[in-house]
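**Student:**
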Amino acid sequence: SSDLEEVPAASADNGERMWFSPLVRAMAKEHGLSEGELRSIAGSGAGGRVNKKDVEGYLKNRGSRSSAAPTAAPSMPQVKPVEPTTAGDGQELVPLTGMRKMIAEAMVRSHAVPTVSTLIEVDVTNMVEFRSRNKDAFQQQYGVKLTYTPFLIKALTECLQDFPFLNAALMPDNQIVVNNGVQLGVAVSLGEKGEGGLIVPVIRDTHKKDLVAIAKDLEEIAAKARGNKLGVEDVKGGTFTLTNPGSYGATLGTPMISAPQSGILGTYGIVQRPVIIDGMIAIRSMMNVVLTYDHRLVDGLMAGRFLQAFKQKIEAFAFFK
4 SSDLEEVPAA SADNGERMWF SPLVRAMAKE HGLSEGELRS IAGSGAGGRV
54 NKKDVEGYLK NRGSRSSAAP TAAPSMPQVK PVEPTTAGDG QELVPLTGMR
104 KMIAEAMVRS HAVPTVSTLI EVDVTNMVEF RSRNKDAFQQ QYGVKLTYTP
154 FLIKALTECL QDFPFLNAAL MPDNQIVVNN GVQLGVAVSL GEKGEGGLIV
204 PVIRDTHKKD LVAIAKDLEE IAAKARGNKL GVEDVKGGTF TLTNPGSYGA
254 TLGTPMISAP QSGILGTYGI VQRPVIIDGM IAIRSMMNVV LTYDHRLVDG
304 LMAGRFLQAF KQKIEAFAFF K
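Residue 4 is where the sequence shown starts when you use the numbering used here, and the numbers rise one by one after that.
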């Protein structure tokens with residue numbers, strides 16, 4: 004019953020024993036003071052011990068602290084909402100929707116892939132002369148126009164079979180999917196005048212098809228694109244892409260891959276210019292060809308060899324005759 008009778012408490016953090024009287028202990032229990040709170044009270048008694056007045060003073064201050072407004076938790080920084088775009092004088096707003104929105108989202112995903120572009124110059128004189136000699140007979144016999152693109156597809160397909168990592172895809176779980184067959188995406192324009200931009204439908208199993216079958220498939224997907232009749236299945240499942248900006252006059256560019264495909268080949272405008280052959284100046288039809296590839300799967304050596312193989316097939320042109 005005396006305020007002087009001492010009861011040991013747990014050790015203090017510095018290793019010394021702290022002592023509290025039964026009265027102090029009873030007050031702590033009554034008011035729900037934890038052991039930590041009790042030890043934190045500054046004692047004014049003999050030897051710095053905590054007495055009744057110290058506990059009462061602590062409880063008074065504790066009550067005033069608890070009645071104060073709680074401190075608000077720090078809030079996360081607020082992201083400022085995007086303000087709606089408004090048209091100014093001489094402007095109109097066109098929403099990004101449908102196919103164009105889908106393409107935009109795919110391009111953002113592709114931009115995250117580490118890519119490299121490599122350029123090679125190809126002498127396409129033999130291809131140009133072959134088409135010039137045979138285009139009329141080809142259309143009469145097979146009912147389709149003979150453009151340069153089927154030749155490019157045929158040569159590209161053969162190269163992809165020889166370089167399987169360019170006909171592959173790196174998946175998010177770090178597994179490489181190597182495709183045995185070639186499902187070639189070919190960029191074509193949407194709408195009668197190309198007003199819908201470009202889309203990439205897929206020609207299936209080009210590794211199983213000859214030049215005639217490829218030309219027919221190409222004309223079919225181009226017609227569907229012009230009539231805006233391509234479906235979702237027409238643009239799914241490509242393993243590599245061919246784009247031909249040369250068809251609208253471009254002579255050089257760096258095409259962007261369609262992830263997760265590992266590559267895209269861009270073929271550019273054919274121009275006649277003088278070149279040196281066997282020490283003689285000759286006028287030849289020349290084309291720039293650019294390969295953009297996923298550098299995680301394809302290194303510069305493989306890309307260079309792939310382009311050389313493509314160049315040799317087009318320049319020799321023997322496999323089309």
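Glycine included, every Cβ here is placed at the ideal spot set by N, Cα and C.
The alpha helix (DSSP H) that contains Gln275, what's its start and end?
**Tutor:** Per DSSP, Gln275 belongs to no alpha helix (DSSP H); it is in the beta strand (DSSP E), 274-280.
**Student:** Go through the segment 194-260 residue by residue and report every complete run of the beta strand (DSSP E) that reaches 3 residues or more, in order.
**Tutor:** Listed in chain order, the complete beta strand (DSSP E) runs (minimum 3 residues) inside the segment 194-260 are 243-246.
**Student:** Could you tell me the alpha carbon to alpha carbon distance between Arg112 and Pro258, rounded to whole angstroms?
**Tutor:** Straight-line Cα distance between these residues: approximately 15 Å.
**Student:** Quick one: any contact between the segment 129-144 and the segment 193-204, if contact means 3 or more CB pairs under 8 Å?
**Tutor:** Verdict: no, contact absent.
**Student:** With a threshold of 8 Å, are at least 3 pairs of Cβ atoms found where one atom belongs to the segment 251-269 and the other to the segment 101-121?
**Tutor:** The segment 251-269 is in contact with the segment 101-121.
**Student:** Check Phe320 in the structure and name its three-state DSSP category.
**Tutor:** It is coil, neither helix nor strand.
**Student:** Let's see if you can read the secondary structure: which residues bound the alpha helix (DSSP H) around Asn137?
**Tutor:** Where Asn137 is concerned, the enclosing alpha helix (DSSP H) stretches over 128-145.
**Student:** What three-state label does DSSP hand Asn330 in the structure shown?
**Tutor:** A query on residue 330 cannot be resolved here, the shown segment of the chain reaching from 4 to 324 and no further.
**Student:** Pick from Phe168, Leu187, Thr128: whose alpha carbon is nearest that of Val180?
**Tutor:** Selected option, being the one with the closest Cα: Phe168.
**Student:** Please classify Leu41: does DSSP put it in a helix, a strand, or coil?
**Tutor:** Helix at Leu41.
**Student:** Could you tell me the alpha carbon to alpha carbon distance between Gln143 and Thr89, rounded to whole angstroms?
**Tutor:** Straight-line Cα distance between these residues: approximately 55 Å.
**Student:** Does DSSP put Gly269 in a helix, in a strand, or in coil?
**Tutor:** The answer is strand: DSSP assigns Gly269 an E or B state.
**Student:** In terms of residue numbering, what span does the alpha helix (DSSP H) encompassing Asp165 cover?
**Tutor:** Taken as a continuous stretch (DSSP letters only), the alpha helix (DSSP H) holding Asp165 covers 152-165.
**Student:** Assuming the contact rule is C-beta atoms closer than 8 Å, Gly214 and Lys138 should be a hit. Round their C-beta distance to whole Å, please.
**Tutor:** In the sequence as displayed, the identity of residue 214 is Leu instead of Gly. Not confirmed; about 12 Å, so no contact.
**Student:** DSSP puts Glu124 in a beta bridge; with which residues?
**Tutor:** Answer by DSSP bridge pairing, in chain order: Asn291.
**Student:** I want to know whether the segment 243-257 touches the segment 270-290 - three or more CB-CB distances under 8 Å.
**Tutor:** A contact exists between the segment 243-257 and the segment 270-290.
**Student:** Taking the CB atoms as reference points, tell me whether Pro204 and Asp237 lie closer together than 7 Å.
**Tutor:** Cβ atoms of Pro204 and Asp237: closer than 7 Å.
**Student:** Provide the residue span of the beta strand (DSSP E) that contains Leu187, from first to last.
**Tutor:** From DSSP, the beta strand (DSSP E) with Leu187 extends over 187-189.
**Student:** Could you check whether Val185 and Thr209 sit closer than 7 Å to each other, using their CB atoms as the reference points?
**Tutor:** In this structure, Val185 lies closer than 7 Å to Thr209 by Cβ.
**Student:** Should the segment 273-287 be regarded as contacting the segment 93-107, the criterion being three or more beta carbon pairs within less than 8 Å?
**Tutor:** No: fewer than three Cβ pairs fall under 8 Å.
**Student:** Any idea if Asn177 is buried or exposed, counting beta-carbon neighbours within 10 angstroms, 16 or more meaning buried?
**Tutor:** Asn177 comes out exposed.
**Student:** Report the partner residues of Tyr296 according to the DSSP bridge assignment.
**Tutor:** Tyr296 is bridged to Val119, Gly266.
**Student:** As a quick exercise: from His34, Ile217, Asn182, Ser120, pick the residue whose alpha carbon is nearest that of Leu155.
**Tutor:** Out of His34, Ile217, Asn182, Ser120, Ile217 has the C-alpha closest to the C-alpha of Leu155.
**Student:** Ends of the alpha helix (DSSP H) at Val180?
**Tutor:** First-last for Val180: 179-181, but that is the beta strand (DSSP E), not the alpha helix (DSSP H).
**Student:** Pick out whichever of Asn291, Pro153, Leu26 has its Cα sitting closest to the Cα of Asp126.
**Tutor:** It is Asn291 whose Cα lies nearest to the Cα of Asp126.
**Student:** CA-CA distance, Asn129 and Gln315?
**Tutor:** Taking the straight line from one Cα to the other gives about 12 Å.
**Student:** Please look up how many angstroms separate the CB atoms of Val226 and Ser192, rounded, as I've assumed it's under 8 Å.
**Tutor:** Strictly speaking, residue 226 in this sequence is Ala, with Val absent from that position. Actually they are not in contact, since the Cβ atoms of Ala226 and Ser192 sit about 12 Å apart, beyond 8 Å.
**Student:** Is the beta carbon of Leu268 closer than 7 Å to that of Leu159?
**Tutor:** Yes; because the gap between Cβ atoms is below 7 Å, this pair is in contact.
**Student:** Closest to Gly241 by C-alpha separation, out of Gly194, Asn183, Leu304, would be which residue?
**Tutor:** Of the listed residues, the one whose Cα sits closest to Gly241 is Asn183.
**Student:** Go ahead and pull the three-state DSSP assignment for Ser365.
**Tutor:** The displayed coordinates of the chain run from 4 to 324. Any statement about residue 365 would go beyond what the structure contains.
**Student:** Here's a check: name, in chain order, each residue in its chain whose Cβ is nearer than 7 Å to the Cβ of Leu307, leaving out the five neighbours to either side.
**Tutor:** According to the sequence provided, residue 307 is Gly. The question's Leu does not apply to it. Counting only Cβ-Cβ distances below 7 Å, and skipping sequence neighbours, we find Thr121.
**Student:** Exposed or buried, which one is Asp337 when buried takes at least 16 other CB atoms within 10 Å?
**Tutor:** The structure shown does not extend to residue 337, since the chain is modelled only from 4 through 324, so no value can be given for it.
**Student:** For Pro84 and Gly91, what's the separation of their Cα atoms in angstroms?
**Tutor:** So the two alpha carbons sit approximately 21 Å from each other.
**Student:** Please classify Ala312: does DSSP put it in a helix, a strand, or coil?
**Tutor:** It is helical.
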